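One structure below.
The following block contains the structure:
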């Protein structure tokens, strides 16, 4: 597994989950998402995320509808699965300071590195 850590803040601008997903474009479109958010900053649309049943999977468009660029996820895990139910990507919000992205799909990692050159990567052995 490769782990890529991306700063969630650039000066005073927050990098939202929606922006990360949109950078990946076609790669993430067919995925189904499980959203486990433990803390989100107050703001518009937060009530919907708080009320979301964690057992409900969302397609990419449904997820993007929930996590608009104004939604700041502080702590949570977002898991993207392919049509066979295999985990493709795991995105972790870390204290609203960074996004950790884990995947074996090097095209995803490279796309993010191209968009966020300050991101740091680590190759992991084994578990997530």
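Residue numbers (this note's numbering): 12 to 139. Cβ coordinates follow ideal geometry from the N, Cα and C atoms, glycine included. Given the structure is predicted, the values throughout are model-derived calculations rather than measurements.
* When you compare each of 51, 71, 70, 72 to residue 62 by their alpha carbons, which one comes out closest? -> The residue given as residue 62 occupies position 51 in the chain shown. Ranking 51, 71, 70, 72 by Cα distance to residue 62 puts 51 first.
* Asked: Closest to residue 90 by CA distance: which of 22, 16, 39 is it?
  -> On the chain shown, residue 90 is found 79 positions in, with the first residue counted as 1. The candidate whose alpha carbon is nearest that of residue 90 is 39.
*Of the choices 132, 121, 128, whose alpha-carbon is the least far from that of residue 111?*
If you number the chain shown from 1, residue 111 lands on position 100. Answer by Cα proximity: 132.
Measure the alpha-carbon distance for residue 42 versus residue 92 and round it to whole angstroms. Reading the chain shown from its first residue, position 31 is the one you call residue 42. Reading the chain shown from its first residue, position 81 is the one you call residue 92. C-alpha separation (whole angstroms): 5 angstroms.
Legend entry - Reference residue 21; option with closest CA among 109, 117, 121: Here residue 21 refers to the residue found at position 10 of the chain shown. Selected option, being the one with the closest Cα: 109.
Requested in this report: With a 10 Å radius around its C-beta and 16 neighbouring C-beta atoms as the bar for buried, classify residue 44 as buried or exposed.
Outcome: Numbered from 1 along the chain shown, position 33 holds the residue referred to as residue 44. Flag for residue 44 reads buried.
Report task. May I ask you to list the residues that DSSP assigns as paired with residue 88? Result -> If you number the chain shown from 1, residue 88 lands on position 77. Note: residue 88 sits in a beta bridge opposite 47, 103.
Would you call the stretch 24-31 in contact with the stretch 78-86, where contact means no fewer than 3 C-beta pairs closer than 8 angstroms? yes
Next on the checklist: Taking the beta strand (DSSP E) that residue 15 belongs to, which residues open and close that run?
Outcome noted: Residue 15 sits at position 4 when you count from the first residue of the chain shown. Counting along the chain, the beta strand (DSSP E) containing residue 15 begins and ends at 13-18.
- Item | Residue closest to residue 126, alpha-carbon to alpha-carbon, out of 23, 34, 16 | As a working note, residue 126 is residue 115 in the chain shown. With distances taken between Cα atoms, residue 126 lies closest to 34.
Mapping the DSSP letters down to three states, classify residue 21 as helix, strand or coil. Taking the first residue of the chain shown as position 1, residue 21 is located at position 10. Residue state, collapsed to three classes: strand.
Item to check | The beta strand (DSSP E) enclosing residue 113, as first and last residue numbers | outcome: Locating residue 113 in the chain shown gives position 102, where the first residue counts as 1. Here the beta strand (DSSP E) through residue 113 covers 109-114.
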